[in-house]
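Numbering (mature numbering (1 follows the signal peptide of the UniProt record, and there is no 0)), first residue to last: -19 to -1, 1 to 323.
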């Protein structure tokens, strides 16, 4: 009996994530940019009226994908919008589990590949333009508001941004946080082993002309009314004044598994303490680590990852004795859904 239950659980956890009878449409598009030579690949999930058979999206040898109907017609009416920002070296598919779940609830969900910091584009020049990441999200909002036909009409009063890791920094900037390069440099001198400091040195935004000025500028988008960060980094460079005056509601979710280079108490928890109490919710998920917010790995994925880059199998690991990743992610979905519905 136990063997049958174990086999059934394995089958369930290997199935496409968060399958549902609610039709979800899916499309990809490219947003041109002749001014900065920064075209954006954008993926969009949306509520759909579809009878066609769904297909797996963002499914590969490592990660389990999600079901959606490509090019399906959108449902009529206005829908709230969520724009996702991936982490350093990620891509739009890494939070497909979240995008699909929110689209099933009636949200239009867009995710972009940030040039220079995505898995298929590690251009040093593009990565150094860190200040372009928040602008990428604003460009996605522009496109979705201007083109309601492919994906459905956006309720302009309900626009939220959600980001993981470096994407968490990105969405906080979009929401109104301000970054001080000098403050961050001093903090990294005191805590040089933090992964945020390592990543910042790799991207080297201050090596670009006017890099410090660009990073210190106001990169906020006043159309955004809510922000969610998922185990973010680089938050120690945000000014106290900008966080205390953040004009939107914030949900800060942290990985609770202890981490030497991305400790919650020095990133997510520290930032949450500096945000307005009345409009901020902080949640630490005890058995989640930094990679629990990425798509679920397939059986055998760890070996595939280690064969390519030794040690990369950590992506498939959660905390010691952790619940299965889909259950952790269902908790995250519930937290975000309840927060956005307020």
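Don't be surprised by glycine CBs; every beta carbon is placed ideally from N, CA and C. Predicted model only: the values in this text are computed from it and were never measured.
Quick one: grab the DSSP three-state call for residue i.
{"i": "residue 212", "result": "coil"}
{"i": "residue 221", "result": "helix"}
{"i": "residue 139", "result": "strand"}
{"i": "residue 155", "result": "helix"}
{"i": "residue 207", "result": "strand"}
{"i": "residue 103", "result": "coil"}
{"i": "residue 275", "result": "coil"}
{"i": "residue 320", "result": "helix"}
{"i": "residue 84", "result": "helix"}
{"i": "residue 150", "result": "helix"}
{"i": "residue 122", "result": "helix"}
{"i": "residue 10", "result": "strand"}
{"i": "residue 30", "result": "strand"}
{"i": "residue 144", "result": "strand"}
{"i": "residue 108", "result": "helix"}
{"i": "residue 167", "result": "helix"}
{"i": "residue 92", "result": "strand"}
{"i": "residue 231", "result": "strand"}
{"i": "residue 134", "result": "strand"}
{"i": "residue 196", "result": "helix"}
{"i": "residue 127", "result": "helix"}
{"i": "residue 39", "result": "coil"}
{"i": "residue 24", "result": "strand"}
Assuming residue i contacts residue j (C-beta within less than 8 Å), just tell me the rounded distance between them.
{"i": "residue 237", "j": "residue 245", "result": "7 Å"}
{"i": "residue 39", "j": "residue 276", "result": "7 Å"}
{"i": "residue 189", "j": "residue 110", "result": "6 Å"}
{"i": "residue 101", "j": "residue 72", "result": "7 Å"}
{"i": "residue 54", "j": "residue 31", "result": "7 Å"}
{"i": "residue 212", "j": "residue 146", "result": "6 Å"}
{"i": "residue 135", "j": "residue 59", "result": "7 Å"}
{"i": "residue 164", "j": "residue 220", "result": "7 Å"}
What does the Cβ neighbour count give for residue i, buried or exposed, with the cut at 16 atoms within 10 Å?
{"i": "residue 347", "result": "The displayed coordinates of the chain run from -19 to 323. Any statement about residue 347 would go beyond what the structure contains."}
{"i": "residue 34", "result": "exposed"}
{"i": "residue 50", "result": "buried"}
{"i": "residue 210", "result": "buried"}
{"i": "residue 186", "result": "buried"}
{"i": "residue 61", "result": "buried"}
{"i": "residue 194", "result": "exposed"}
{"i": "residue 140", "result": "buried"}
{"i": "residue 144", "result": "buried"}
{"i": "residue 292", "result": "exposed"}
{"i": "residue 234", "result": "buried"}
{"i": "residue 203", "result": "exposed"}
{"i": "residue 313", "result": "buried"}
{"i": "residue 315", "result": "exposed"}
{"i": "residue 273", "result": "buried"}
{"i": "residue 260", "result": "exposed"}
{"i": "residue 308", "result": "exposed"}
{"i": "residue 170", "result": "exposed"}
{"i": "residue 310", "result": "buried"}
{"i": "residue 76", "result": "buried"}
{"i": "residue -3", "result": "At residue -3 the pLDDT is 44, less than 50, meaning the model places this residue with poor confidence; the figure from the coordinates comes in the next sentence. Residue -3 is buried by the Cβ-count criterion."}
{"i": "residue 216", "result": "buried"}
{"i": "residue 159", "result": "buried"}
{"i": "residue 96", "result": "buried"}
{"i": "residue 174", "result": "exposed"}
{"i": "residue 120", "result": "buried"}
{"i": "residue 322", "result": "exposed"}
{"i": "residue -19", "result": "Below a pLDDT of 50, predicted positions are generally treated as unreliable, and residue -19, at 33, falls in that range; no measurement from the model is reported."}
{"i": "residue 104", "result": "exposed"}
{"i": "residue 299", "result": "buried"}
So the candidates are the options; which of them puts its Cα closest to the Cα of residue i?
{"i": "residue 304", "options": "314, 279 and 269", "result": "269"}
{"i": "residue 262", "options": "208, 145, 308 and 213", "result": "208"}
{"i": "residue 17", "options": "69, 106 and 86", "result": "106"}
{"i": "residue 286", "options": "95, 174, 26 and 42", "result": "42"}
{"i": "residue 179", "options": "229, 214, 290 and 280", "result": "214"}
{"i": "residue 129", "options": "291, 155, 29 and 114", "result": "29"}
{"i": "residue 182", "options": "198, 162, 191 and 200", "result": "162"}
{"i": "residue 172", "options": "220, 243, 160 and 156", "result": "243"}
{"i": "residue 253", "options": "168, 240, 127 and 225", "result": "225"}
{"i": "residue 115", "options": "103, 125, 83 and 156", "result": "156"}
{"i": "residue 7", "options": "138, 15 and 91", "result": "91"}
{"i": "residue 229", "options": "280, 142 and 123", "result": "142"}
{"i": "residue 14", "options": "200, 280, 117 and 307", "result": "117"}
{"i": "residue 67", "options": "44, 94 and 199", "result": "94"}
{"i": "residue 297", "options": "134, 44 and 27", "result": "44"}
{"i": "residue 89", "options": "99, 57, 282 and 108", "result": "57"}
{"i": "residue 52", "options": "278, 25 and 20", "result": "25"}
{"i": "residue 197", "options": "288, 108, 218 and 3", "result": "218"}
{"i": "residue 131", "options": "148, 119, 154 and 9", "result": "9"}
{"i": "residue 36", "options": "69, 81, 64 and 299", "result": "81"}
Comparing the CB of residue i with every heavy atom of the ligand PLP, is any distance shorter than 7 Å?
{"i": "residue 157", "result": "Within the structure as shown, the ligand PLP is missing, as the structure has no ligands at all."}
* Within the region 237 to 322, ranges of the alpha helix (DSSP H) (whole runs, at least 4 residues) -> 249 to 255, 282 to 289 and 306 to 322
* Asked: Which runs of the beta strand (DSSP E) spanning at least 3 residues fall entirely within the region 48 to 84, listed in chain order?
  -> 59 to 66
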